[in-house]
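Printed below as a string of structure tokens:
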């Protein structure tokens, strides 16, 4: 029984989930099958083929859960593998650049299809201590891959082999998508996980999976590092040039501008002999006037 009626189809999250489910039904992938549970639109189950040979997972079929947050696609989903693989711990949320552990690297334009393609291409990398990851021996991985087809999900009630046979029939009836490619920006988001010398190996296997158009991650990282080095050199050169200009400017020109801006003080000139007699005459006249006033008052 479908639960679509329990949710408001006006919700952007519900619209997005229904759109992705319909798109995967109309354009199924030969490499995986995915869809929401009938009882919960926010919980999906998927069955994924292992990466192509020479990967130890090449013959494996792996079942897992996807839990979508209420604000999907603004926040990333979480992923768990239920089938033993030797690469991921069973029923434990895994740490990837597209999972809830790294919300800062998630882009709402990505979806379930993009995430599953990325996980498939990411399986050959080493765990490196990441949450939910493990590094079993290659022999163990190959043995688990051979046993995975008969693994049965208690919720879905079907074996992995049965699910993928039905998916192959859908691919024959529907509009196949052909060779699918992981977006370049998503592969570049795996730099942290693909570090420590793992980039070349993983990128080579991802190229076999996604076709001739796949880009070698190691080459991209190396080119970006070279571009960063050239950019740093050019930038430093650009900074040094203006710093050298003041050293080439003559000091005298600065002193001249300072003198031009400073107001000139004119010293006071001492009195000359031409005005000395005038001062004496004024004093004499003033004294005579005072004498006449006193004589008039008291005599």
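Numbering (UniProt numbering), first residue to last: 1 to 299. Don't be surprised by glycine CBs; every beta carbon is placed ideally from N, CA and C.
Just to check my reading of the structure: residue i and residue j have Cβ atoms closer than 8 Å, yes? What is that Cβ distance to the nearest angstrom?
i	j	result
residue 153	residue 45	7 Å
residue 93	residue 132	6 Å
residue 109	residue 98	Rounded, the Cβ-Cβ distance is 12 Å, inconsistent with contact.
residue 61	residue 149	5 Å
residue 164	residue 33	7 Å
residue 96	residue 122	7 Å
I need the straight-line Cα distance from residue i to residue j, nearest angstrom please.
i	j	result
residue 217	residue 50	With a pLDDT of only 34 at residue 217, under the threshold of 50, the placement of this residue in the model should not be trusted, and no figure is reported.
residue 16	residue 73	8 Å
residue 112	residue 79	10 Å
residue 64	residue 91	8 Å
residue 88	residue 142	14 Å
residue 171	residue 126	32 Å
residue 317	residue 135	Past the boundaries of the shown model lies residue 317; the chain is included only from 1 to 299, so the question cannot be answered.
residue 59	residue 118	18 Å
residue 162	residue 43	21 Å
residue 129	residue 173	42 Å
residue 295	residue 289	10 Å
residue 155	residue 38	11 Å
residue 68	residue 21	13 Å
residue 338	residue 41	Beyond the ends of the chain as shown, which are 1 and 299, falls residue 338; an answer cannot be given.
residue 11	residue 36	17 Å
residue 293	residue 285	13 Å
residue 52	residue 9	39 Å
residue 297	residue 277	31 Å
residue 81	residue 137	18 Å
residue 287	residue 281	10 Å
Taking the beta carbon of residue i as the centre, do at least 16 other beta carbons fall within 10 Å, making it buried, or is it exposed?
i	result
residue 157	exposed
residue 254	Reliability of the predicted coordinates at residue 254 is poor, the pLDDT of 42 falling under 50, and the value obtained from them is presented with this limitation in mind. Result: exposed.
residue 146	exposed
residue 279	exposed
residue 106	buried
residue 139	exposed
residue 86	buried
residue 291	exposed
Less than 7 Å between C-beta atoms, sequence neighbours within five positions excluded: which residues of the same chain meet that for residue i?
i	result
residue 13	70, 71, 72
residue 160	47, 61, 63, 83, 148, 149, 151
residue 167	28, 33
In its own chain, which residues sit with a C-beta less than 8 Å from the C-beta of residue i, not counting the 5 before and 5 after it?
i	result
residue 120	31, 32, 48, 49, 50, 51, 209
Spatial neighbours of residue i within its chain, please: C-beta separation below 6 Å, excluding the five flanking residues on both sides.
i	result
residue 18	none
In chain order, what are the residue ranges of uninterrupted beta strand (DSSP E) at least 3 long that sit wholly in the stretch 55 to 139? 61 to 67, 78 to 81
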